[in-house]
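Peer 1: Questions regarding the structure given below will be posed in turn.
2 protein chains.
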Amino acid sequence: MPVTETDIQDVIGQIRAALAADHRDQAARLLLELHVADQATLFELLDPEERRRLLPGLGATDAADLLERVEDETALAAAETMSVDRLADVLDEMEPDEAADVLGDLPAKRASEALAQMADATNVQPLLAYEDESAGGLMTTSFLALRGHDSVGDATEYLRRVPTDDEVPYYLYVVDDNRRLIGVLSLRQLLVAEAGARLATLMDPDVIHVRDVVDQEEAALVMGRYDLAALPVVDGDGKLVGAITHDDILDVVETEATEDVYRLANVADSQLEPDSAVFAQVRGRLPWLYINTCTALLAAFVISRFEDIIRQVTALAVFQAVVAGQGGNAASQNVAMIVRSLVTGKVERGETMRILTRQLAVGVIQGVCVGTVVGIGAWLWRGNPYLGLIIGVALLGNMMVAAVAGVLVPLGLRACGQDPAIASSVLVTTATDCLGFLIFLSLAASMVHHLL
Amino acid sequence: MPVTETDIQDVIGQIRAALAADHRDQAARLLLELHVADQATLFELLDPEERRRLLPGLGATDAADLLERVEDETALAAAETMSVDRLADVLDEMEPDEAADVLGDLPAKRASEALAQMADATNVQPLLAYEDESAGGLMTTSFLALRGHDSVGDATEYLRRVPTDDEVPYYLYVVDDNRRLIGVLSLRQLLVAEAGARLATLMDPDVIHVRDVVDQEEAALVMGRYDLAALPVVDGDGKLVGAITHDDILDVVETEATEDVYRLANVADSQLEPDSAVFAQVRGRLPWLYINTCTALLAAFVISRFEDIIRQVTALAVFQAVVAGQGGNAASQNVAMIVRSLVTGKVERGETMRILTRQLAVGVIQGVCVGTVVGIGAWLWRGNPYLGLIIGVALLGNMMVAAVAGVLVPLGLRACGQDPAIASSVLVTTATDCLGFLIFLSLAASMVHHLL
């Protein structure tokens, strides 16, 4: 049964008491009584000094299990407090992909010292070359693989030999003499097969796999599409070099979703949380506010060109924000739909025209609906039908701007190889603000004699 | 290797040609040559009439495999075109959770007719009672379970008997005589164990599980936290009633992420895609635009109280949108961070005060930074230091409004049992628009003699 937050708070209290009394062994014992996932949750809740005192009480294996599950920064900070010998021991016990993540984050000198000290660096070394966000950066090198001429009995023997906490316990991959991936069996197939049967006769030769260099988002799409528990990864020669497991993919999908939400809301650093350090938050948020300030001042400049008219008809100052704001709202609807559809693979290249015409149709309908209501409202409120007409038409126009910009900006960013979530909101809002004010105030200027 | 979009387009062309020549068998054969996940992708790309002609060419098993993988609406539409006999046959072949989803969406009369015709409705029947978005609504009833006194040999025999496309092929659950969950073994443990060993001696008695009535988001949190490939589900008596698999959880996480992004952007219907039917889009988007229109008119009303001042100092009309807009941007940063942290379980109850003070600190710093730049800019542009001062102070004030509203609104909605993503943006924007205009224009009114 999952441990509750209260349980964890209880154990934290006991661990703090033990550390205060300098009973480090007892503190370590208290921690190890928890499920390792809960150990990680608890460890994150301790402050850095407490972590520094608790960690040496754990054996290399327990420390490795723990550091595999904490946030990357927490693992890095812990690694930095260890001696090189201890660090090498812990890295030896970690899953290769997790060990590579720590090594990749450490200063180069310390990382190479630790690598040199490791008893078995061969699994980790090849992982260090991959981009963090590629399939290669995500995969583990500890998977199960045998040859086609091996028998089911051989496979059972092999499984008895390799450590049981191996990361990919669902499939056995089959490779040829050049280690090229040629087939896959589920462990369930092995269980029900005759001991003498050759793997080549049992395996499914049609193995879904990805290249090591593809982006982790593509790997996530493939795994989601084919409902796999693990996805084998091959290099340029078709050699099996690793496998990505379902829990890594779940992390990718959650991280990418947070990144989308944050970027759409102009938060640059997707690691931020509501109670992250104030300075870190300002660093991740202020730059985008400044960029938005520039575009807001651009919109202000547009308004300033119409100050004479506004002096004569102050109602324009009252309604200008409605026109710009509703355009912005409609545009953010478009951007949200396109960004998510690109992530979930529901928009393919070449569909731009179809999406654009459809969104333009939606924009026109929404513009007519909102424009009519606001226009009539403004007419009744201010007693001037022309004011209502101008507002209504301007809303319709700005909704069309929203539709065009809301489709072309994110798709254009994507076509340039950029993440559409990153800059779409600010670019699209610039369009709906500036053009919204321009359409509304120009219309008013051209009909100013009706408004006086 | 995953099939590319071009491959699928090729096969679609061939299938369309076969259907046009009325060679339905050939069309079905072309479809079945693909991986079932690709069959689903292709099927979604056909138009309803083509689907209606293609489907009868598939046997019940193939049709079931296909309909398990398409979108719920597509499966429902297909189910509605079948005779009751055919539908019952197909439902019999589907995974129980998928069959239950189709039955739950069908009109009640047709669903009960189909249920009555099914050869084996016992697996499906209990699933119909669960809420769609609960653990019970997500789980499958086709899992592997044996008793503790059974041996490894018994388990192997059992695995040979049950169908191999069983949905939960990673774990074997152990239950007592009342079918209460008491332990778990991985298939890998079974593979390497002696045939005579009792499951009770091998199993891990500490099984992570959830209640059938918990929300699917909670099930996703537990699975992500403990890195499970499948999560057993129990009823109120602790009886094992089902299991949730990693691919279902991946769907949940993706769907919830899309829902968050959509709701934050005022799109009510998370099923919408950029090229969904125009009417469906308008239905899912227009209501929120109307709600935003109401709040925009409220903000317009605030401005209208200051028309006399604006007539005298038209620069206020130029800068008012900057003050309101920057507050809105800062607030949406807050809302995004809090909404995602609630989803990923990184914010616990009782942390409100700490988050609020921290966000207020961030708001003050951002307010001072943005306020200083815009204030000095306005001073230099318009040559009036008081105008700059008013804008700077108003920006600072509105950033503080953004911080308070951006924290309290989503946390308040959550505390009331609402999804904070749903109404946060509109409520928070109302606050930053109305109060932003009010602070800025009141300040200007109180210092109007310096502005003339």
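Residue numbers (our numbering), protein chains in the order written: chain D, 1 to 452; chain W, 1001 to 1452. For every residue, glycine included, the Cβ atom is placed at its ideal position computed from N, Cα and C. Since we're looking at a predicted model, the values are computed, not measured.
Is Arg354/D close to chain W, meaning its C-beta is less than 8 Å from at least one C-beta of that chain?
Peer 2: Position 354 of the first sequence, counted from the first residue, corresponds to residue 354/D. At least one chain W Cβ lies under 8 Å of Arg354/D.
Peer 1: Below 8 Å on the Cβ atoms is my guess for Ala27/D versus Leu34/D; work out the distance and round it to an integer in Å.
Peer 2: To locate residue 27/D, count along the first sequence from 1; it is residue 27. To locate residue 34/D, count along the first sequence from 1; it is residue 34. Ala27/D to Leu34/D, Cβ: 12 Å. No contact.
Peer 1: Mind listing the chain D neighbours of Tyr1170/W? Cutoff is C-beta to C-beta under 7 Å, in chain order.
Peer 2: In the second sequence, counting from the first residue as 1, residue 1170/W sits at position 170. Correct list: Tyr170, Ala229.
Peer 1: Run through chain D and tell me which residues come within less than 7 Å of Leu1286/W, C-beta to C-beta.
Peer 2: The residue you call residue 1286/W lines up with position 286 of the second sequence. Within 7 Å Cβ-Cβ: Gln366, Cys369.
Peer 1: To which residues of the same chain is Val368/D closer than 8 Å at the C-beta, ignoring the five residues directly before and after it?
Peer 2: As a first step, residue 368/D is located in the first sequence; it is residue number 368 there, counting from the start. Within the same chain, Val368/D has close Cβ partners Leu396.
Peer 1: Grab the span of the alpha helix (DSSP H) containing Tyr1461/W for me, first residue to last.
Peer 2: Here chain W covers residues 1001 to 1452 and nothing more, so residue 1461/W does not appear.
Peer 1: Exposed or buried, which one is Thr1140/W when buried takes at least 16 other CB atoms within 10 Å?
Peer 2: Stepping through the second sequence from its first residue, residue 1140/W is reached at position 140. Buried: at least 16 other Cβ atoms inside 10 Å.
Peer 1: To the nearest angstrom, report how far apart Gly1436/W and Ala1394/W are at their CA atoms.
Peer 2: One-based indexing of the second sequence puts residue 1436/W at position 436. One-based indexing of the second sequence puts residue 1394/W at position 394. Rounded to whole angstroms, Gly1436/W to Ala1394/W spans 7 Å at the Cα level.
Peer 1: Could you check where the alpha helix (DSSP H) with Arg147/D kicks off and where it finishes?
Peer 2: Within the first sequence, residue 147/D is the residue found at index 147, counting from 1. No alpha helix (DSSP H) holds Arg147/D; the beta strand (DSSP E) holding it covers 145 to 147.
Peer 1: Under 7 Å Cβ-Cβ, which residues of chain W neighbour Gln39/D?
Peer 2: If you number the first sequence from 1, residue 39/D lands on position 39. Within 7 Å Cβ-Cβ: nothing; Gln39/D doesn't reach chain W, min ~11 Å.
Peer 1: Where does Asn1329/W land, buried or exposed, given buried means 16+ other C-beta within 10 angstroms?
Peer 2: The residue you call residue 1329/W lines up with position 329 of the second sequence. So Asn1329/W ends up on the buried side.
Peer 1: Output, in chain order, the set of chain D residues within a Cβ distance shorter than 7 Å of Glu1351/W.
Peer 2: Walking along the second sequence from the start, residue 1351/W turns up at place 351. By Cβ distance, chain D contributes Asp275.
Peer 1: Using 8 Å as the limit for Cβ to Cβ distance, is Glu1307/W near chain D?
Peer 2: Residue mapping note: residue 1307/W aligns to position 307 of the second sequence, counting from 1. Yes, because at least one Cβ of chain D sits closer than 8 Å to the Cβ of Glu1307/W.
Peer 1: If we require 4 or more residues per run, which alpha helix (DSSP H) segments fall completely within the stretch 1164 to 1204 of chain W?
Peer 2: You should have 1187 to 1192, 1199 to 1202.
Peer 1: Confirm, please, whether the CB-CB distance from Asn1398/W to Val1335/W is below 8 Å.
Peer 2: Looking up residue 1335/W in the second sequence gives position 335. Looking up residue 1398/W in the second sequence gives position 398. Result no, Cβ atoms of Val1335/W and Asn1398/W do not sit closer than 8 Å.
Peer 1: Counting only runs that start and end within the stretch 347 to 371 of chain D, where is the alpha helix (DSSP H) found for 4 or more residues in a row?
Peer 2: Listed in chain order, nothing qualifies, since the stretch 347 to 371 of chain D has no complete alpha helix (DSSP H) run of 4 or more residues.
Peer 1: With a 10 Å radius around its C-beta and 16 neighbouring C-beta atoms as the bar for buried, classify Pro232/D as buried or exposed.
Peer 2: As a working mapping, residue 232/D is identified with position 232 in the first sequence. The residue is buried, with at least 16 neighbouring Cβ atoms inside 10 Å.
Peer 1: Scan the stretch 1369 to 1383 of chain W for residues whose Cβ lies nearer than 7 Å to a Cβ of chain D and list them as they occur along the chain.
Peer 2: So the close ones are Cys1369, Val1370, Val1373, Val1374, Gly1377.
Peer 1: For Val1339/W versus Ala1421/W, is the C-beta spacing smaller than 8 Å?
Peer 2: Residue mapping note: residue 1339/W aligns to position 339 of the second sequence, counting from 1. Residue mapping note: residue 1421/W aligns to position 421 of the second sequence, counting from 1. Taking 8 Å as the Cβ cut-off, Val1339/W and Ala1421/W qualify as a contacting pair.
Peer 1: Under 9 Å between beta-carbons, which chain W residues line up against Tyr290/D? List them in chain order, please.
Peer 2: The sequence position of residue 290/D within the first sequence is 290, counting from 1. Within chain W, the residues near Tyr290/D are Cys1369, Val1370, Val1373.
Peer 1: Starting from the N-terminal side, write out each stretch of the alpha helix (DSSP H) that is 4 residues or longer and does not extend beyond the stretch 397 to 451 of chain D.
Peer 2: Qualifying alpha helix (DSSP H) stretches, in chain order: 420 to 446, 448 to 451.
Peer 1: Taking Cβ-Cβ distances below 9 Å as the criterion, which residues of the stretch 1428 to 1446 of chain W are in contact with chain D?
Peer 2: Answer set for the stretch 1428 to 1446 of chain W: Thr1429, Asp1433, Phe1437.
Peer 1: Can you list, in chain order, the residues of its chain whose CB lies under 7 Å from that of Ala1402/W, leaving out five sequence neighbours each side?
Peer 2: One-based indexing of the second sequence puts residue 1402/W at position 402. The answer, listed in chain order, is Gly1327, Ala1330, Ala1331, Asn1334, Gly1363, Thr1432.
Peer 1: Please classify Thr429/D as buried or exposed, where buried requires at least 16 other C-beta atoms within 10 Å of its C-beta.
Peer 2: Taking the first sequence and counting its residues from 1, one reaches residue 429/D at position 429. By the 10 Å Cβ count, Thr429/D comes out buried.
Peer 1: Which word fits Pro1056/W, buried or exposed, when buried means at least 16 other C-beta atoms lie within 10 angstroms of its C-beta?
Peer 2: In the second sequence, counting from the first residue as 1, residue 1056/W sits at position 56. The residue in question, Pro1056/W, is exposed, as its Cβ has fewer than 16 Cβ neighbours within 10 Å.
Peer 1: Among the residues of its own chain, which have a CB less than 7 Å from the CB of Leu1451/W, if the five just before and after it don't count?
Peer 2: Residue 1451/W sits at position 451 when you count from the first residue of the second sequence. Contacts found: Val1313, Asn1384, Tyr1386, Leu1387, Ala1444.
Peer 1: Within 10 angstroms of the Cβ of Val210/D, are there 16 or more other Cβ atoms? Answer buried if so, exposed if not.
Peer 2: Taking the first residue of the first sequence as 1, we reach residue 210/D at position 210. Looking at its Cβ environment, which holds 16 or more other Cβ atoms inside 10 Å, Val210/D is buried.
Peer 1: Measuring only the C-alpha atoms, how far is Arg341/D from Ala1145/W?
Peer 2: The residue labelled residue 341/D in the question sits at position 341 within the first sequence. The residue labelled residue 1145/W in the question sits at position 145 within the second sequence. What sits at residue 341/D in the sequence shown is Ser, not Arg. Ser341/D and Ala1145/W: Cα-Cα distance of roughly 39 Å.
Peer 1: Since Gly962/W is in the beta strand (DSSP E), which residue starts that stretch and which ends it?
Peer 2: There is no way to answer for residue 962/W, as the model of chain W reaches only from 1001 to 1452.
Peer 1: For a contact defined as C-beta to C-beta under 8 Å, what are the partners of Val1102/W on chain D?
Peer 2: Position 102 of the second sequence, counted from the start, is the residue given in the question as residue 1102/W. Per Cβ cutoff of 8 Å: no residues; Val1102/W is ~18 Å from chain D at best.
Peer 1: Can you tell which of Gly412/D, Tyr290/D, Phe143/D, Glu254/D has the C-alpha that lies nearest to the C-alpha of Val234/D?
Peer 2: Taking the first residue of the first sequence as position 1, residue 234/D is located at position 234. The candidate whose alpha carbon is nearest that of Val234/D is Phe143/D.
Peer 1: Looking at C-alpha atoms only, which residue of Ala1119/W, Ala1079/W, Ile1439/W is the closest neighbour of Leu1103/W?
Peer 2: Walking along the second sequence from the start, residue 1103/W turns up at place 103. Taking only the C-alpha atoms, the option nearest Leu1103/W is Ala1079/W.
Peer 1: From Asp1212/W, Val1213/W, Ile1182/W, Thr1156/W, pick the residue whose C-alpha is nearest to that of Gly189/D; which is it?
Peer 2: Within the first sequence, the letter at position 189 stands for residue 189/D. Reading off the sequence shown, one finds Gln at residue 189/D, where the question assumed Gly. Minimum Cα distance to Gln189/D is reached at Thr1156/W.
Peer 1: What whole-angstrom Cβ distance do Ile1391/W and Val1370/W have, given they're in contact under 8 Å?
Peer 2: Counting from 1 along the second sequence, the entry for residue 1391/W is found at position 391. Counting from 1 along the second sequence, the entry for residue 1370/W is found at position 370. At roughly 10 Å, the Cβ-Cβ gap does not stay under 8 Å, so Ile1391/W and Val1370/W are not in contact.
Peer 1: I'd like the list of long-range same chain contacts for Asp1120/W, defined as Cβ closer than 8 Å, with 5 residues on each side in sequence excluded.
Peer 2: For the purposes of this step, residue 1120/W is identified with residue 120 of the second sequence, where counting begins at 1. Asp1092.
Peer 1: Shorter than 8 Å from the beta carbon of Leu1076/W to some beta carbon of chain D?
Peer 2: Taking the first residue of the second sequence as position 1, residue 1076/W is located at position 76. So no, Leu1076/W is outside the interface.
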